[in-house]
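*Asks:*
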Amino acid sequence: MDYFSNLAALLKIEREEDRQSYQEIARSSTLSERRADGLAWYPVAIRDTELGRGDYLTVEVERTTHLDSTHQLRSGAPAAFFSNHYATTDRLDGTISFVGGHRLRISLPVDELPEWARNGKLAIDLLFDDNSYAEMFAALKKAEALESRPAEGRLIRVLTGQQQPAFDNLHRPVYFPTLNATQIAAVNKILSADDLAIVHGPPGTGKTTTLVQAILALLRRDNKQILVTAPSNAAVDLLSEKLSDLGLNVLRIGNPARVSEPQQALTLDSRMAEHPSAKEIKKLKRRAAEFRDMAHKYKRRFGPAEREQRKALFDEARNLMKDVDRIEGSILEDILTHAQVITATLVGANHPHLRDREFETVVIDEAGQALEPASWIPALRARRLILAGDHCQLPPTVKSALAAERGLRLTLLEKNTRIHPEAVILLEQQYRMHELIMGYSSRTFYEDRLKADPSVAGHRLVEEEWPLTFIDTAGCGYEENRNDAGLNNPEEAAFLLRHASSLVAALESRFSPANFPTMAIISPYRLQVQLLQELLPHSPQLQRFAHKISVNTIDSFQGQERDIVYIGMTRSNPDSRIGFLSEIRRMNVAMTRARKKLVVIGDSATLAQTPFYAGFIEYAERHDAYHSAWEFST
Numbered sequence: 020m021d022y023f024s025n026l027a028a029l030l031k032i033e034r035e036e037d038r039q040s041y042q043e044i045a046r047s048s049t050l051s052e053r054r055a056d057g058l059a060w061y062p063v064a065i066r067d068t069e070l071g072r073g074d075y076l077t078v079e080v081e082r083t084t085h086l087d088s089t090h091q092l093r094s095g096a097p098a099a100f101f102s103n104h105y106a107t108t109d110r111l112d113g114t115i116s117f118v119g120g121h122r123l124r125i126s127l128p129v130d131e132l133p134e135w136a137r138n139g140k141l142a143i144d145l146l147f148d149d150n151s152y153a154e155m156f157a158a159l160k161k162a163e164a165l166e167s168r169p170a171e172g173r174l175i176r177v178l179t180g181q182q183q184p185a186f187d188n189l190h191r192p193v194y195f196p197t198l199n200a201t202q203i204a205a206v207n208k209i210l211s212a213d214d215l216a217i218v219h220g221p222p223g224t225g226k227t228t229t230l231v232q233a234i235l236a237l238l239r240r241d242n243k244q245i246l247v248t249a250p251s252n253a254a255v256d257l258l259s260e261k262l263s264d265l266g267l268n269v270l271r272i273g274n275p276a277r278v279s280e281p282q283q284a285l286t287l288d289s290r291m292a293e294h295p296s297a298k299e300i301k302k303l304k305r306r307a308a309e310f311r312d313m314a315h316k317y318k319r320r321f322g323p324a325e326r327e328q329r330k331a332l333f334d335e336a337r338n339l340m341k342d343v344d345r346i347e348g349s350i351l352e353d354i355l356t357h358a359q360v361i362t363a364t365l366v367g368a369n370h371p372h373l374r375d376r377e378f379e380t381v382v383i384d385e386a387g388q389a390l391e392p393a394s395w396i397p398a399l400r401a402r403r404l405i406l407a408g409d410h411c412q413l414p415p416t417v418k419s420a421l422a423a424e425r426g427l428r429l430t431l432l433e434k435n436t437r438i439h440p441e442a443v444i445l446l447e448q449q450y451r452m453h454e455l456i457m458g459y460s461s462r463t464f465y466e467d468r469l470k471a472d473p474s475v476a477g478h479r480l481v482e483e484e485w486p487l488t489f490i491d492t493a494g495c496g497y498e499e500n501r502n503d504a505g506l507n508n509p510e511e512a513a514f515l516l517r518h519a520s521s522l523v524a525a526l527e528s529r530f531s532p533a534n535f536p537t538m539a540i541i542s543p544y545r546l547q548v549q550l551l552q553e554l555l556p557h558s559p560q561l562q563r564f565a566h567k568i569s570v571n572t573i574d575s576f577q578g579q580e581r582d583i584v585y586i587g588m589t590r591s592n593p594d595s596r597i598g599f600l601s602e603i604r605r606m607n608v609a610m611t612r613a614r615k616k617l618v619v620i621g622d623s624a625t626l627a628q629t630p631f632y633a634g635f636i637e638y639a640e641r642h643d644a645y646h647s648a649w650e651f652s653t
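Count the sequence shown with the working numbering and you get residues 20 to 653, in order.
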């Protein structure tokens, strides 16, 4: 099967799995449960209505309770607007156009609200969002169409392994005094690349710093606008912040509700609101609203003359909104043209305002976490593509086991790292971990090429505290429990917290409360995390430093770091079953979160049947870091 047809087939399997899962949850959930899952706002109150483009009404609503609940509502997502007393037909499906704070705007296909909107408690409920899939399918179709074209298809052929990437052999290396040797090599690889360069950034190696310097160097040399993307809003926000701090004109494309507060000023909405022509737009919108309000004053039963007058008022409101569209279009073009860097998520790279724009250089950061079909969305806008990330950490989430097994979990980064090693620069100097914490990860995932910077190579909590500990629970009877909700290990959780309490007690006299080391307690299993969170308040020693302690899954800590990291492996059974612990990239993430002390607690009898864990236990033994849980029994 053709490259892109195969990807499209896998994506279709994934979409159906996602859709069925979503619909099953919707069928089996109450509105209150959907609110708790972040899929609905309920109740909401109408705060404003405004005639939008065409025959659409924009309704602004505000949630009035459960204000601390997180949610997944976002701009561009399809949603239903209804009353909790609604009949089958008494609901409107529309599109969310803005989310900010506790308010959102939804665009509905009517020119005025129906009567039922005044009855009962109103709600906004997310519908299945096919938009991301539609964008990915469109990108694959476009790539397939362009692939054979001599010029437009060259980058596509490079990325699919049909051609080799080209580099400028006459490029004179540039020196960067704030970067180390491999970071400098990475920037120069990017500067010399005609079509593809790959920055492989293991944990703590300064990938973001390197990318920012490369983008700055490209702008100085080429003076051409650059598109910078990543799979997550958090990653996009980080790059936006770093680039803006250098004084660059950065434009953040995306839903303001998904943009972190410090980056709000970089968003398109904020830039348009600050534009000198924004006052004229407000004035025109106010006049349009006045005409619409006058039209609404007519009763439902009126004669031909009143009907004609009502129509004329609506027409006048629409004409004013056309003027608004024209002025907004002019402002938009001005803002887009003057931005040096445009930042967006992968799907956001095909935002309507960007669809006609091509870029000399496109950057995809965290490309190791990006589904390949999503990566093609920004890649097709580029002449030169920069991929940055680490395929030795967590892969992208694929909901369909079948699609994952057939290759959807393979990313564009991982594929091109394999087929184009000449395009890859590995960042080798890390600035996070003690060298003993780093060592096993370096040997297993990075050909033993990582080096700890002198500033961190030997740093410890205190001199007598060894930086690495593996505590073996074999023979202790700490058996895992499985039920419908998942898997946990109560005895291991209790032991972990006792050990952490002892460590905190030993450190308490050495640090002030403000400077006390940070700690992460993590597990691969959500049910074990919930158990640890429930037990933590019953540990007085740990509670005194609760503000310094985070408890969560491994996946939630990717990209983060703490002074101390505890990992509870959870699995302990006579059959040596380890489930998704066999995804060793997840453990690479977990083990590389620690700066000064890493404590791993697990059952060697269960774990050591897998070569990766057997190797880690042997590594711990060789470095005097192995202990039995029996040593800590009271």
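Glycine included, C-beta positions come from ideal geometry on N, C-alpha and C.
1) Would you identify the three-state DSSP class for Phe195, choosing helix, strand or coil?
2) Take Lys31 and list the residues in its own chain whose beta-carbon comes closer than 7 Å to its own, dropping the five residues that flank it on each side.
3) Taking the alpha carbon of Val570 as the reference point, which residue from Pro556, Ile383, Gln552 and Ala648 has its own alpha carbon closest?
4) Using only CA atoms, which one of Pro221, Ser88 and Gln182 lies nearest to Lys470?
5) Can you check which of these residues, Arg176, Asp56 and Tyr152, is closest to Glu689 by C-alpha distance?
6) Below 7 Å between beta carbons: does that hold for Val118 and Ser94?
7) Out of Phe535, Ile583 and Glu580, which has the shortest C-alpha to C-alpha gap to Arg563?
8) Pull up the CB-CB distance for Gly477 and Tyr638, whole angstroms please, since I reckon it's below 8 Å.
9) Ignoring anything shorter than 3 residues or poking outside the segment 329-377, list the beta strand (DSSP E) runs there in chain order.
10) Which class does Ile540 belong to by DSSP, given the choice of helix, strand or coil?
11) Over the uninterrupted alpha helix (DSSP H) stretch that includes Glu527, give me the two end residues.
12) Excluding the five sequence neighbours on either side, which residues of its own chain have a C-beta within less than 7 Å of the C-beta of Leu546, listed in chain order?
13) Give the straight-line distance between the Cα atoms of Glu36 and Leu26, rounded to the nearest whole angstrom.
14) Got a sec? Which residues, its chain only, sit under 7 Å from Leu550 by beta carbon, not counting five neighbours each side?
15) Only counting the same chain, and skipping five residues up and downstream in sequence, which positions put a Cβ closer than 7 Å to that of Pro397?
16) One question on the structure: do Ala159 and Phe23 come within less than 7 Å of each other, judged by their Cβ atoms?
17) For the alpha helix (DSSP H) that contains Thr227, what are its first and last residues?
18) Using DSSP bridges, identify the partner residues of Phe651.
19) Taking the alpha-carbon of Arg596 as reference, which of Asn500, Thr286 and Asn138 has the nearest alpha-carbon?
20) What's the gap between the Cα of Leu480 and the Cα of Gly587?
21) So what does DSSP say about Arg66, is it helix, strand or coil?
22) Could you tell me how far apart the beta carbons of Ala136 and Ser102 are, in whole angstroms, since I believe they sit closer than 8 Å?
23) When the Cα of Leu339 is compared with those of Ala308, Ser167, Glu377 and Arg326, which residue comes out closest?
24) Under 8 Å, with one C-beta from each stretch per pair, do the segment 193-211 and the segment 323-331 reach the 3-pair mark?
25) Who pairs with Asn571 in a beta bridge, going by DSSP?
26) Rounded to whole angstroms, what's the CA-CA distance from Arg110 to Asp148? Just pull it up for me.
27) Could you tell me if Lys616 is buried or exposed, where buried requires 16 or more neighbouring beta carbons within 10 angstroms of its beta carbon?
28) Go through its chain and collect everything with a Cβ distance to Pro250's Cβ below 6 Å, but skip five positions before and after it.
29) From Arg306 to Ile65, what does the alpha carbon distance come to, in whole angstroms?
30) Quick one: any contact between the segment 398-409 and the segment 186-200, if contact means 3 or more CB pairs under 8 Å?
31) Given a cut-off of 7 Å, decide if Val417 and Tyr450 are closer than it, judged by their beta-carbon atoms.
32) In whole angstroms, what separates the C-alpha of Tyr544 from that of Thr430?
33) If we call anything under 7 Å between Cβ atoms a contact, is Val608 one with Gln412?
34) Please give the ranges of any alpha helix (DSSP H) in the segment 97-137, keeping only runs that are unbroken, at least 4 residues long and fully inside the region.
35) Would you be able to state if there are at least three C-beta pairs under 8 Å between the segment 80-95 and the segment 112-127?
36) Helix, strand or coil: how does DSSP classify Asp264 here?
*Replies:* Working from what's here:
1) Under the three-state reduction of DSSP, Phe195 is assigned to coil, being neither helix nor strand.
2) none
3) Gln552
4) Pro221
5) Past the boundaries of the shown model lies residue 689; the chain is included only from 20 to 653, so the question cannot be answered.
6) yes
7) Phe535
8) Contact doesn't hold; Cβ gap of about 18 Å is too wide.
9) 360-364
10) strand
11) Taken as a continuous stretch (DSSP letters only), the alpha helix (DSSP H) holding Glu527 covers Pro509 to Glu527.
12) Cβ within range, chain order: Ala504, Gly505, Leu506 and Asn507.
13) Glu36 and Leu26 have their alpha carbons spaced roughly 16 Å apart.
14) Answer for Leu550: Asn507, Pro509 and Ala512, listed in chain order.
15) Leu246, Thr248, Leu365, Ala368, Val381 and Ile383
16) Just to set this straight, residue 159 is Leu in the shown sequence, not Ala. A contact, by the Cβ cut-off of 7 Å.
17) Lys226 to Asp241
18) Here Phe651 is not bridged, per DSSP, to any residue.
19) Asn500
20) 21 Å
21) strand
22) 7 Å
23) Of Ala308, Ser167, Glu377 and Arg326, the smallest CA-CA separation from Leu339 is found for Ala308.
24) Fewer than three Cβ pairs drawn from the segment 193-211 and the segment 323-331 lie within less than 8 Å of each other, which leaves the two stretches out of contact.
25) Ile541
26) 18 Å
27) buried
28) Closer than 6 Å at the Cβ level, and outside the excluded window around Pro250, lie Leu365, Glu385, Gln388 and Ala389.
29) 21 Å
30) Result no; under three Cβ-Cβ pairs closer than 8 Å.
31) no
32) Counting only the Cα atoms, Thr430 lies some 25 Å from Tyr544.
33) Between Val608 and Gln412, the C-beta gap is smaller than 7 Å, which places the two residues in contact.
34) none
35) Yes: the two stretches touch, three or more of their Cβ pairs being nearer than 8 Å.
36) The answer is helix: DSSP assigns Asp264 an H, G or I state.
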